Amino acid sequence: MFDKVLIANRGEIALRVLRACRELGIRTAVVYSAADAESAAVRLADQAVRIGPAASRRSYLNAAAIVEAARQVGAQAVHPGYGFLSEDADFAEICAENGLTFIGPPPEVMAALADKSSARALMSRAGLPLPAGSVQPVATVDAAVEVAAGIGYPVIVKAAAGGGGRGMTVVWAPADLPRAYAKTRAAALAAFGDDRVYVERYLTDARHVEVQVLCDAHGNGVHLGTRDCSVQRRHQKLVEEAPAPALSAATLDTIAETALRGALAVGFTGAGTLEFLVDAEERFHFLEINCRIQVEHPVTEMITGIDLVHEQLHIAAGAPLRWRQDEIRPHGVAVECRVNVEDPDRGFAPTPGRLERFVPPGGPFTRVDTHGRPGYVVGPHYDSLLAKVVVWAPDRELALNRLERALDEFEIGGPGVRTTIPFVRRVLDDAAFRKGRYTTGLVDRLLAVDLSPDPAAPTPAPPEQAAPSAPPGQAAPDQAAPPAAPEQDAPSAPPGQAAAPRPPAAPVTATRPPAPAGSSA
Ligand code: MV4
Numbered sequence: 017m018f019d020k021v022l023i024a025n026r027g028e029i030a031l032r033v034l035r036a037c038r039e040l041g042i043r044t045a046v047v048y049s050a051a052d053a054e055s056a057a058v059r060l061a062d063q064a065v066r067i068g069p070a071a072s073r074r075s076y077l078n079a080a081a082i083v084e085a086a087r088q089v090g091a092q093a094v095h096p097g098y099g100f101l102s103e104d105a106d107f108a109e110i111c112a113e114n115g116l117t118f119i120g121p122p123p124e125v126m127a128a129l130a131d132k133s134s135a136r137a138l139m140s141r142a143g144l145p146l147p148a149g150s151v152q153p154v155a156t157v158d159a160a161v162e163v164a165a166g167i168g169y170p171v172i173v174k175a176a177a178g179g180g181g182r183g184m185t186v187v188w189a190p191a192d193l194p195r196a197y198a199k200t201r202a203a204a205l206a207a208f209g210d211d212r213v214y215v216e217r218y219l220t221d222a223r224h225v226e227v228q229v230l231c232d233a234h235g236n237g238v239h240l241g242t243r244d245c246s247v248q249r250r251h252q253k254l255v256e257e258a259p260a261p262a263l264s265a266a267t268l269d270t271i272a273e274t275a276l277r278g279a280l281a282v283g284f285t286g287a288g289t290l291e292f293l294v295d296a297e298e299r300f301h302f303l304e305i306n307c308r309i310q311v312e313h314p315v316t317e318m319i320t321g322i323d324l325v326h327e328q329l330h331i332a333a334g335a336p337l338r339w340r341q342d343e344i345r346p347h348g349v350a351v352e353c354r355v356n357v358e359d360p361d362r363g364f365a366p367t368p369g370r371l372e373r374f375v376p377p378g379g380p381f382t383r384v385d386t387h388g389r390p391g392y393v394v395g396p397h398y399d400s401l402l403a404k405v406v407v408w409a410p411d412r413e414l415a416l417n418r419l420e421r422a423l424d425e426f427e428i429g430g431p432g433v434r435t436t437i438p439f440v441r442r443v444l445d446d447a448a449f450r451k452g453r454y455t456t457g458l459v460d461r462l463l464a465v466d467l468s469p470d471p472a473a474p475t476p477a478p479p480e481q482a483a484p485s486a487p488p489g490q491a492a493p494d495q496a497a498p499p500a501a502p503e504q505d506a507p508s509a510p511p512g513q514a515a516a517p518r519p520p521a522a523p524v525t526a527t528r529p530p531a532p533a534g535s536s537a
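Those letters in the sequence shown? Residues 17 to 537, by my numbering.
Shown next, in the form of structure tokens:
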């Protein structure tokens, strides 16, 4: 095992990795920016190295400064956390060139999987089902039109260099494809310096289900079951749970085993996550694979009793996998919610400021991962995740009640400071969510509900849940047919009248510059 690990991150994940190292008897060094001089990780680490100013380009994204810090403190390995340089194959390569173990997969594997088009091709070859579409990047608008005509609308144009919801455009009708194609290529070139795009059938009314895997450097791997991460706003997850609810045990096993097969086929090592969309008929489709520890990893830890960061460290140190698949017995239900310092009533705008009051919840089966404390100043430079509240219970209903109870206890206050807690409460209260029957459209449905009091025009209750899946023996709806209402969450057409295909209420088109440093997941 390593003697000393350099933690190349900040916030709650720096603390998480630091704790894992301490528990394994590994000495810790942490890098920090000028904005984080007083952070909990800096206080707790054996050593701390200031690497630059607040701007992440010049600190947490500065590979040369991080490698120099590792050399100074004599660290043998670098843990990148999530976000920042965690999925940067060039950084992993630079670490190797400097005799440092990057805690993650080999650089060539990272590079092949960071290219979403290449990941799609590799996983298809390994036998994973994909959304219909092009395997190679689509080089001309004519080719895009042809691919789309072949698979049927809606389609989604995705940047090969994107991922995590960045650089993708949904196209509902053929007339809109040429513009969307050109726009996505131009945006991808600007954001990633790479304008290759591919085209997929756009799956509406689907759940975002992901599988945690651990693979060692000797060809062994295990999966740790599923998580549902459908509760997202603009590709920022708000609530995650394990296992994915309301799917048959057979489907969950098949998805998890298929995911592991894919990870092993591409030479993946370390802790990884394969993302799938699961449609109303429980068919699943591979989207992408993430080569990092994810924000929501605690829900998997809670149902398996396995410390994923410990396992990352053992694997990176060359140890054979410490678990056989039959020793991993997921038990009960874990739910996490993210407490971001943002105002849900103002478009989730960050509300940095000083936390005059900060009292995290406690109690049974309640875990809070946070770098916050009373007096902590949340700055404007990094993403706004302040805490993750994670609970475990033997069943889902008790887990959700326990999470509500924990949120009741959480006191956070300061001038101008708002959090996502009120919005998360609305999710936990939602009837479809309570039943476990929700999709990626849930958040937009909640945001479309007008909360302003207006007795003259009461907001009609939105429809409840996805259409029940086809009974056994009955054909599943034709994928190529026009979509039903895009989400279970869209207002339904009057009885007897067909719902016309239309885009969801809030834009799902998202071509954004690279995620704010420190964001990920
Ligand atoms: C999709 C999709 C539907 N069809 N691809 C978003 C994050 C990235 N990992 C992949 N994502 C999606 N890809 C196809 N072919 C739906 C998503 C998606 C999503 C889309 C709109 C609004 C919220 C979403 C949440 C999760 C996934």
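Idealized CB from N, CA, C, for every residue including glycine.
Just so you know, these numbers come straight off a predicted model, no measurement behind them.
Run through DSSP, which three-state label would residue i get?
i	result
F374	strand
Q92	coil
E605	Limits of the chain in this structure are 17 at one end and 537 at the other, which puts residue 605 out of reach.
I309	coil
L329	helix
G166	helix
L146	coil
F300	strand
V349	strand
R461	helix
L40	coil
Q504	In this predicted model, Q504 has a pLDDT of only 31, less than 50, meaning its place in the structure is not dependable; the value taken from the coordinates is given anyway. Reduced to three states, the DSSP call for Q504 is coil.
A491	Caution is warranted here: a pLDDT of 30 is assigned to A491, below 50, making its placement in the model unreliable, and the coordinate value is therefore given only provisionally. A491: coil per DSSP, three-state reduction.
F284	coil
A533	Confidence at A533 is low in this model, with a pLDDT of 41, below 50, so its placement is unreliable and the value that follows should be read with caution. It is coil, neither helix nor strand.
I119	coil
T382	strand
V161	helix
D539	The question about residue 539 has no answer, for the chain in this structure spans 17 to 537.
V238	strand
R74	helix
R338	coil
L31	helix
G278	helix
R453	coil
R389	coil
P479	Because P479 sits at a pLDDT of 37, beneath the cut-off of 50, its placement in the model cannot be relied upon, and the following sentence gives the value as read from the coordinates. Coil, per DSSP.
M126	helix
Per the DSSP calculation, residue i is bridged to which residue(s)?
i	result
E113	DSSP lists no partner for E113.
K253	Q248
S49	G68
Y214	K174
G369	V394
F292	V225 and F302
A86	DSSP lists no partner for A86.
E358	P366
I23	V46 and H95
L401	N356
A258	A350
G4	What is shown of the chain runs 17 to 537, which leaves residue 4 out entirely.
R243	E226
For the putative contact between residue i and residue j, defined by C-beta atoms under 8 Å, what is the C-beta separation to the nearest angstrom?
i	j	result
V213	V173	5 Å
H95	V47	Not really, about 11 Å apart at Cβ, beyond 8 Å.
E372	G430	4 Å
Q228	T316	5 Å
F439	L205	Not a contact, Cβ separation roughly 35 Å.
L401	L419	Their Cβ separation, rounded to whole angstroms, is 17 Å, which puts L401 and L419 out of contact at 8 Å.
A207	H239	With 8 Å as the limit, A207 and H239 do not qualify as a contact, their Cβ atoms being about 32 Å apart.
F381	I428	About 21 Å separates the two Cβ atoms, so there is no contact after all.
A333	F18	6 Å
T436	P368	Contact doesn't hold; Cβ gap of about 14 Å is too wide.
L146	G278	L146 to G278, Cβ: 11 Å. No contact.
E103	R308	6 Å
L60	A79	At roughly 25 Å, the Cβ-Cβ gap does not stay under 8 Å, so L60 and A79 are not in contact.
E226	T289	5 Å
With respect to 6 Å, is the separation between the Cβ of residue i and the closest non-hydrogen atom of the ligand NAP below this value?
i	result
D460	Absence of the ligand NAP from the depicted structure is noted, with the ligand MV4 being the only ligands included.
| said: To test your reading of the DSSP string, which unbroken alpha helix (DSSP H) runs of 4 or more residues are found completely within the segment 403-451? | reply: Those alpha helix (DSSP H) runs which fall completely within the segment 403-451 and span 4+ residues are 412-425, 437-445 and 447-450.
| said: Please give the ranges of any beta strand (DSSP E) in the segment 182-232, keeping only runs that are unbroken, at least 3 residues long and fully inside the region. | reply: Taken in chain order, the whole beta strand (DSSP E) runs of length 3 or more contained in the segment 182-232 are 182-187, 213-217 and 223-231.
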